[in-house]
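Take the sequence shown: its letter number 963 is residue 963 in the UniProt record's numbering, and every next letter is one higher. Virtual Cβ for every residue (Gly too), placed ideally from N, Cα, C. All values derive from a computational prediction rather than experimental measurement. The next block holds one structure in the form of structure tokens; read it before the comments.
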Amino acid sequence: MPSSLGVLDIPALAKVTRDVYNQCHILAKGAPEGFQKLITELGLLQDILHTFGDKVSSNASFFEKMDGDRKQTLERSLATCLATLQRLKELLGPFNSFEIGEGKRFWKKLKWAAQRSQIEDIRSNIMVHACNLSLCISSIGNDSLARIEKTMVLAMEEDKQIVLSTEASPVRDTDSVVSPMSPGPGVVELPANNEEECQIDIIDEVRARMSDLANNRSSMGSSSNVRHASTSSESAITESDDSLFDGNSPTSWLSLNTSPFLPPPGRINHTRMRSEQLLFGGSIDGRTLDGGMWANDPELTEKQVVHHTRSYSDAEYGHPRVIEVVSSAMQHLRDVRHQEHISRPVRFEPQNQLHRPTAETLKIFEASVNEGLQITRLITRDWLRVATWWLLKARATLANCNRHNYVSARGSLSPSMESRVTSHQAYLDLLKASYILYDIVLGEEVSSSILVDEDRKSIFELSEGINEELSQYTSVDIPEPSTLHTQNFAIWEPMQPEEIWEGGIDLDLGLDNLRWTAVDLEDAGSEQEKVLYRTFVNAGIGGKKSRMRTKGASYMLLLATREGESEPKIVLCNQSGTLCLERDFVLDDLSPLVQLSNAALTGFPDVRVSEPVPYKFENMTVSISFQFDEDLAQFINIPKAYFDAVWQREPVDATGFTESIIFKTSVDMFEQLNTPTMKSMNPPVVVKSCEVRILERSFGEAWRSIRRMVITSSAAEKSPGTMELFMPLSVVQINRGNMSRQVLLQWSDTCQVRSDKTDGNYNALHSYVYDDTAPNIGVGLQFASHQEAEDFEQAVLEMSFRPDFSWSQPSGSGLIYNVVDAGTEHKQYKAVLVFRTRSSWRYSDLYYIYRDADYSYDHSSFSIHFLRMYCTDYISTHVDQLYHPESPVTFSHCDKKASQTTIEFGNDLEARSFLSSLSPLYELLYSRPIHSLSTKGNSLFGFQISGKGSADIQLWRRGTTFQLAARWDDSVTDKWLTMAVPSEFIDSSKENSRVTFPRFPYLRGTTLDMMNVMARSPKNSNAKIREGTMSISFQTSKDRDEFLAVLQGQQLPKFL
């Protein structure tokens, strides 16, 4: 057998694999599932060969270090692999003469059912080759490798026998097309037994054929338009086959995403990662985010990117034994790799012998440890966290030992604080950490155990940190044994009743709470959290009946931030993890700390920084006592600097208005967008992990209210700040998909430039105006949940208080609010908010309706048209000026402008309910169009027809009294008529469609008083109450009967 395995043989075989894969890939369009799975196996084999080639090219002595048996096995695997590829290549050769663009019709011509068993057999062989090559370059022992190899050969033989025993009668090809799937001459068949039939002559023949195939690609050139830029796994493709982009093809996604040698931009590393994961074990995550940030996708839909992964659960696959053996072999390979990974030597700095605990100290530590072990058993991870706890306490003490300590003599004192030299307790705490690390964790029993990566990292950092802190102590600085005996030797911190869980202490339950105990400040907390400051304090946990005064600063206090949230957080946790209290640190929390600091610094009698400061954590009260003035100062300065930087988000207290927060939450991302395209700006304006607030500013008159949106960056930022945006109460357009966390907004501020007017002397007047028809502000927000996004949408589209009436129908929806102007008059009126849609955008129009209104009711479409209502116009600080502004233009004030609108409803009942909500005293029971209404009664010739034409008539009720209101069209000046109608009225008219009233007083006017249902504002302001005989001509007798029924107290049917 050849003594040397050429380095070039591996790339050559990879090149052959790529060529065969490429030819199969061209045939993939419309191919059956079995053929597509064959392509997947070829892709996996190609990845393995590329990884193998990299290992060989980067290590010149790779084959020299390989023993003879393994080298022999490797050569057999390479030889049989090439033989299978050659067999597949020759089977596919006749396909070059067919037109393959027909997809499924092409495969129907080939009689796939007749060729399926051969393709599955080749797929099985390729699967075995990939597994064998992975095992050959692994660290699995030769005996295990030989056993697995033999098992695979036997499995292939068993599957072959199963196929032969269950195979149906041969399929007769009656088609005129000759099947190309029959083996051709010269094919090297796979040997049945690796030990006997894979001989030297076969290997020599295969090696020679490998070199020929690698250099001869004429057969591929005639059947493929693929051109390669290199022979590496980063090859580029320039072939433009329509099938690759055919969205209707069942394999178009496979064609685009499964080429291991043609990774698209940004995916090169993924290709190599797949092959390495196959070699060394592990799962392949093929999920990725696709699409733009604001692609109007409800949940940033993740699209599956198809990689070369096997599906060993394929019930139709005809080689079950091969699947079973390959799966078992790959699992064995993963186990071996994992064992090697976790069993590698532990890195740590050796213990400093100068600071090794004395025998007496070790006995005390051991006794303290045994006390804790009577409660619970600890694993390596737990011991490392206990050691870290004492290292951190020592660091905190040493960092403050040179500063004056203001601790009072009342209590809450640790032994280390009472000592003249505060570093004595810190030194003993370092000895505790050293004892736990070197005598317990790295002891003979534990050091031989399996350690995970997290534990290995902690061991190294602990050893480094302990030695670094101990290096501050020279031989003369080491405390005397007599001095150390006065310090606290306890390994376990004391616990208060509120900290002890029922059933004893279980550190596993507090695993997440212990995430703050890390050697480096940057590593504390979860991946989404960042610690700003960390120290140790005393604390009383719970109410007065259960809390205890502690000594020794047995609690860790932190200021931290979390990704996706802006506010700093205050965290208090204990050593065991049974207690971890956390909440936002708000502006009001600064006040007691500042008061305590000022009192201590000014020398106020009996006030020290150790005075307890109460804090409320949900349902638990905690009193925190600082040990050093520096810690107190940091807990003041860090959040204060943040709150000072984001002062704009706080409500403004002024004499002319009041301001309140109507919405507040943290968001994952804020981005300012260009309008109207709603695309990112250049450069992008993006703020992550920020807070969004909407503040509403209320003036004396309700219609003058405005809002502002304030974006606050996270406290974790080096330079936090805010962004403030003017926001109107209406016409803020929102685009949000159903159950989506993403929200797009666009609206107008008062800074849109207009120069379309002149001063009369041809000089242009420059104005900055509000234009709700052309939004100039675009915003994109991504919330933590769809519920928060929904709450935000509601806060933007609606008013900030409870509505008095609402309607929601397919034809439209809206809300009605009661508003009151502040001041001496306390004018009351209605705010009507109408929801509207424009394409995929949703917004709301806000109108104000005073007591006197004017409207018409179209009964055919159930729509109400208001001819007299008001809305708000927002005015800037630069209007009709001859010059351009010298300073930034901002909002100045609000103006009220008249407006008209039409509101549609689904039925008459909903329309009448809407009108009833506009009147605080009356309810509209009846509304119909009529032929005419006359106030002159009947003449000698009968019923008099009114010259005003048709009208609308309404019947309003308040208690037992009725008020009739009628409206003519706009051609009539005093279009409204109202009169009181007695409920006991009995019609004496004999006409079926007419009603005649006796002589009653009535009012005429241009508007309708919605509170009292009375006509107001007549053209002649001196007009008095008139009297007349009222005659009404209805359109139908049914309308007349219903009118009388309402007067008699009968309810109209709801469907009317």
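- Going by DSSP, G737 is part of no alpha helix (DSSP H) at all; its letter is neither H nor E.
- The DSSP-derived three-state label of L532 is strand.
- If you ignore the 5 residues before and after S755, its C-beta comes within less than 8 Å of the C-beta of A764, L765, H766 and S767, all in its own chain and listed in chain order.
- Residue state for S124 is assigned as helix, using DSSP reduced to three classes.
- Between S983 and D854, the alpha-carbon positions lie close to 26 Å from each other.
- A Cβ-Cβ distance of about 13 Å is found for the pair V646 and T561, leaving them out of contact under the 8 Å criterion.
- The DSSP assignment places complete beta strand (DSSP E) segments of no fewer than 3 residues inside the segment 651-729 at 658-673, 680-698, 706-712 and 722-727, in order along the chain.
- E1027 sits in a strand when the DSSP states are folded into three classes.
- Nearest Cα to Q351 within the set R707, G30, V441 and Q425: V441.
- Cβ-Cβ distances below 8 Å link H129 to L45, S77, T80, C81 and T84 in the same chain, with the five nearest sequence neighbours on each side left out; the list follows chain order.
- Assignment of S1033 by DSSP, reduced to helix, strand and coil, places it in the strand class.
- With a beta-carbon spacing of about 4 Å, E904 and S863 fall inside the 8 Å limit used to define contacts.
- Membership of R18 in the alpha helix (DSSP H) is indicated by the continuous run D9 to I26.
- The three-state reading of DSSP puts F962 in strand, counting E and B together.
- Cβ contact annotation for R697 (same chain, cutoff 8 Å, sequence separation greater than five): V652, F657, T658, E659, S705, I706, R707 and R708, in chain order.
- Counting only residues of its own chain and dropping the five nearest sequence neighbours on each side, R515 has a CB closer than 6 Å to the CB of G525 and S526.
- Inter-residue distance for C401 and F460 is about 27 Å (C-alpha atoms, whole angstroms).
- Our two residues, G1049 and F783, have alpha carbons roughly 53 Å apart in a direct line.
- The beta carbons of L955 and T978 sit no closer together than 8 Å.
- For R547, the CB contacts under 6 Å within the same chain, skipping 5 residues up- and downstream, are G540 and I541 in chain order.
- A direct Cα-to-Cα measurement between F891 and K897 gives close to 17 Å.
- For Y855, the uninterrupted beta strand (DSSP E) run begins and ends at D852 to D858, by DSSP.
- When secondary structure is reduced to three states using DSSP, C136 falls in the helix class.
- Around the CB of Y438, 16 or more other CB atoms lie within 10 Å, so the residue is classed as buried.
- Taking 8 Å as the cut-off, the beta carbon of A702 is found no closer than this to the beta carbon of V622.
- Of A1015, P998 and R1040, the smallest CA-CA separation from E1027 is found for P998.
- The straight-line gap separating the alpha-carbon atoms of W389 and A433 is approximately 8 Å.
- Rounded to whole angstroms, E64 and K55 show a C-alpha spacing of 13 Å.
- Ranked by Cα distance from D852, the options G823, I875 and P920 are led by P920.
- Ranked by how close their Cα comes to the Cα of T1036, the residues P1001, P929 and G959 have P929 in first place.
- When secondary structure is reduced to three states using DSSP, V834 falls in the strand class.
- Closest in alpha carbon position to E582, among R395, V386, Y615 and L593, is Y615.
- Distance from the CA of F617 to the CA of K569, rounded to the nearest whole angstrom, comes to 11 Å.
- If you compare the alpha carbons of T750, G760, S800 and N735 with that of A789, the shortest gap goes to N735.
- In the DSSP annotation of this structure, D845 is not part of any alpha helix (DSSP H); the continuous beta strand (DSSP E) holding it starts and ends at W841 to I849.
- Less than 8 Å separates the beta-carbon of G465 from that of V519.
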